[in-house]
Amino acid sequence: MYWRYDTRAVDPRHSYDYYCDGVGDELAPFAVHGRRPFVPPPLSAQMSAITFGGLTIDSLTYRAAGLAVEARRGAEQIRTSDPECYQFCLSVHGDLRKEQEDHRVVFRPRDLVLYDLSLPQRSQHSTTPAGMKVIKLSVPKSMVPVSPDRIRQHVGALIPRRMPGKDLLIQLLLELADRDDYGDEPATAAALHEYTVQMIGQLVDSGRQISPTSLRDLRMALFRSIVHRHHGDPELDTERIADEAKVSKRLLQKTCQSAGTTPMTMVKHVRLDACRDSLRNPQTKTMRIQDICIRHGYTSLELFARHFKMHTAATATDFRRQADPR
1 MYWRYDTRAV DPRHSYDYYC DGVGDELAPF AVHGRRPFVP PPLSAQMSAI TFGGLTIDSL
61 TYRAAGLAVE ARRGAEQIRT SDPECYQFCL SVHGDLRKEQ EDHRVVFRPR DLVLYDLSLP
121 QRSQHSTTPA GMKVIKLSVP KSMVPVSPDR IRQHVGALIP RRMPGKDLLI QLLLELADRD
181 DYGDEPATAA ALHEYTVQMI GQLVDSGRQI SPTSLRDLRM ALFRSIVHRH HGDPELDTER
241 IADEAKVSKR LLQKTCQSAG TTPMTMVKHV RLDACRDSLR NPQTKTMRIQ DICIRHGYTS
301 LELFARHFKM HTAATATDFR RQADPR
């Protein structure tokens, strides 16, 4: 994860100007319009970004009570920077209004809308004290094998609440946004890509179906993300994973079985991958192996040693030596 901008890093008196400059660093830059306040009030705005393969997840938290801000992406911004992406915009909380292609949406929590970053759009940010939070998932057009002309009539409009898997996608985006400790990029990128392509396909052709395999892989990505977040807890079990994912233990086990694994095997692999990464990380090269395995959820050094050798075909000591031959 990295920051596109963060007003907490500047003097509050300059936060408004900093934000106006910061939106120019977004994946699809906007321009802030409206009369500049004579005495700009303190404004809090942070946008983080994390990439999964060719996909990008941006998370914007914004608060500026009483200050109306309108952000526009017009011909000048598009000409200067066009990432050629479709973008799913998810409202987490707060008041947000966006317009594109004659569609005007007043977002409610958990509303999801598809936008085309190559077309003009405008948005009005929340002026309430609570502010707002928005998560954006950007998918390159080159990864979407659907005619842009067919997609265009659907951009800027709410994605139907009955869309299969929509709640799963929302859960996963909420889970992944703002994470700086996640390393499941290939599997998660594949699941997100496959599902979003099928979702767009169903938007343009209601006769298309989202495949059970795509839904399963999306659910597995959610499970793995939850496991990664809690893998350092030695008490992590199937019940907690199911509770966090808001599914029954039976569905958790059935989904894992369909993917050729079990919940606790998934936990073991996440822990071992985390230990492996720590053993080859220069920042933890002075940390004892025992402390590394404890950090990542193991309580028995003997069990860790047996699992690690089966996982990597090397002892932890040899693996660390090979990673840093000096």
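According to full-length UniProt numbering, the sequence shown holds residues 1 to 326 in order.
Just so it is clear, CB atoms sit at the ideal spot from N, CA and C, and this is done for glycine as well.
Please say whether residue j and residue i have beta carbons closer to each other than 7 Å?
i	j	result
A177	I57	yes
A71	F30	yes
V134	S91	yes
I210	I226	no
R216	S258	yes
Y19	A45	yes
R8	M47	no
A64	L43	yes
G165	L218	yes
M132	Y62	yes
L272	H311	yes
V204	R150	yes
I200	V146	yes
H198	S214	One detail in the question is off: residue 198 reads as Gln in this sequence, not His. Their beta carbons are under 7 Å apart, which means Q198 touches S214 by this criterion.
H231	V270	yes
Compare the C-alpha of residue i against each of the options and name the closest.
i	options	result
A49	E26, G34, A64 and A31	E26
Y195	M287, M163, R224 and F223	M163
C89	P109, P186 and H14	P109
G34	P12, Q124 and Y115	Q124
V105	P212, A157 and R13	A157
I78	V69, G24, D102 and P282	G24
D167	V144, E185 and D111	D111
P129	L169, R152, E185 and A68	A68
L173	D102, D243 and L60	L60
D102	H93, A314, Q153 and V144	Q153
On the criterion of 16 or more Cβ atoms from any shown chain inside 10 Å, does residue i qualify as buried, or is it exposed?
i	result
E175	buried
D21	exposed
Y2	exposed
L251	exposed
S248	exposed
K268	buried
A245	buried
Q171	buried
Q100	buried
S206	exposed
T255	buried
M287	exposed
R224	buried
Let me know the secondary structure DSSP gives residue i once reduced to three states.
i	result
K285	coil
R216	helix
E26	coil
F52	strand
E235	coil
H311	helix
M163	coil
K254	helix
E244	helix
V155	coil
H228	helix
P12	helix
R150	helix
Y298	coil
H33	strand
L117	coil
H269	helix
F88	strand
In its own chain, which residues sit with a C-beta less than 8 Å from the C-beta of residue i, not counting the 5 before and 5 after it?
i	result
M264	D237 and T238
C275	I292, C293, H296, Y298, F304, F308 and A316
E84	L117, S118, P140, K141 and S142
E73	As written in the sequence, residue 73 is Arg, which differs from the Glu given in the question. So the qualifying residues of the chain are A28, P29, F30, A31, L117, P120, Q121 and R122.
K285	R320 and D324
R208	Q198, G201 and Q202
E76	A31
In chain order, what residues of the same chain lie with their CB nearer than 6 Å to the CB of residue i, ignoring the 5 residues before and after it?
i	result
V53	Per the sequence presented here, residue 53 reads as Gly, with Val not at that position. Cβ neighbours of G53 beyond the five flanking positions: A189.
E235	none
H93	P109 and K133
Among residues of its own chain, excluding the 5 on either side of residue i, which ones have a beta-carbon nearer than 7 Å to its beta-carbon?
i	result
Q290	L301
R161	none
residue 340	Given a span of 1 to 326 for the chain in the structure shown, any question on residue 340 remains unanswerable.
R179	M1 and I50
R306	none
D6	Q46
Could you tell me if the beta carbon of residue i falls within a distance shorter than 6 Å of some heavy atom in the ligand NAP?
i	result
R208	Of ligands this structure carries none, so the ligand NAP is not represented either.
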